[in-house]
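Student:
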Ligand code: UTP
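Numbering (our numbering), first residue to last: 4 to 232.
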């Protein structure tokens, strides 16, 4: 039987927020290396605050959205490289730059890392498109909130977490694509459309809650939100 494929979107906001990042990356990498092998893991790293800083400065300099997206992609690949250093020999040794490369790397290694692929996308979109191509069992979105809330929990203290929801309900919360570089939302609206059309289960967990991240990856228990048909 072919191994199960799981795609994990690792938000830049949990990889490099500037709080114990090296220690977290080391622990995260050990967990991912332990779980890879029994299943194949495809990791997609986001750009987070560093990407947004570059995009803001570039925008103030008058760069167009395409050039800003290209800078964002470079930062997502830099984060991929950083994580790759900690992953060890189970991981494919270079950052995949396309879905073809990622799929090909997966024939030789149970752990594959990539960042962005093309302009006008986010790494959630990359994770969704890759999962569709690979017919992945599920996508885990490891982000800076522990699930999808009724409102932004960083801004609204009355927001409550939704444990289970449909693709349609998530699409309403995700809203419409902004068309601008550096958007920030729980899961990008384009990515929601892709997971819905491919009918791939999506799980949103806090990426620094490693017990929940493990549960979501292996199909066990977790604190977070489950999204499906
Ligand atoms: P991210 O996917 O990190 O954006 O890519 P994000 O929504 O800020 O995600 P978090 O906070 O890390 O979870 C950073 C930027 O890089 C460009 C976009 O401008 C995006 O906002 N990008 C990324 C692309 O243009 N194409 C890609 O394939 C990936």
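Beta carbons: idealized from backbone N, C-alpha and C, even for Gly.
Hey, how far is the Cα of residue 94 from the Cα of residue 61?
Tutor: Distance between the alpha carbons of residue 94 and residue 61: 33 Å.
Student: In angstroms, rounded to a whole number, what distance separates the CA positions of residue 118 and residue 159?
Tutor: C-alpha separation (whole angstroms): 31 Å.
Student: In whole angstroms, give me the CA-to-CA distance for residue 40 and residue 33.
Tutor: When rounded, the distance between both Cα atoms is 13 Å.
Student: Is the Cβ-Cβ distance between residue 49 and residue 82 less than 8 Å?
Tutor: In contact: residue 49 and residue 82 (Cβ atoms closer than 8 Å).
Student: Give a single yes or no on whether residue 184 has its beta carbon closer than 7 Å to a heavy atom of ligand 1.
Tutor: Yes; taking the cut-off as 7 Å, the Cβ of residue 184 has a heavy atom of ligand 1 nearer than that.
Student: Assuming residue 158 is part of the alpha helix (DSSP H), what are its boundary residues?
Tutor: Residue 158 -> no alpha helix (DSSP H), and no H or E assigned at all.
Student: Comparing alpha-carbon positions, which option in 57, 30, 135 and 136 lies nearest residue 91?
Tutor: Checking every option, the nearest Cα to that of residue 91 belongs to 30.
Student: Residue 183: buried (16+ other C-beta within 10 angstroms of its C-beta) or exposed?
Tutor: The residue in question, residue 183, is exposed, as its Cβ has fewer than 16 Cβ neighbours within 10 Å.
Student: Is the beta carbon of residue 30 within less than 7 Å of some heavy atom of ligand 1?
Tutor: Result no, Cβ not under 7 Å from ligand 1.
Student: So, helix, strand or coil for residue 195, using DSSP?
Tutor: Helix at residue 195.
Student: If you count every other CB in all the chains shown that lies within 10 Å of the CB of residue 223, and 16 or more means buried, which is it?
Tutor: Classification for residue 223: exposed.
Student: Indicate the three-state DSSP secondary structure (helix, strand or coil) for residue 228 in the structure shown.
Tutor: It is a strand residue.
Student: Just to confirm my understanding: we take residue 215, look at its own chain, exclude 5 residues before and 5 after, and list those with CB closer than 6 Å. What are they?
Tutor: These residues qualify, in order along the chain: 208, 225, 226 and 227.
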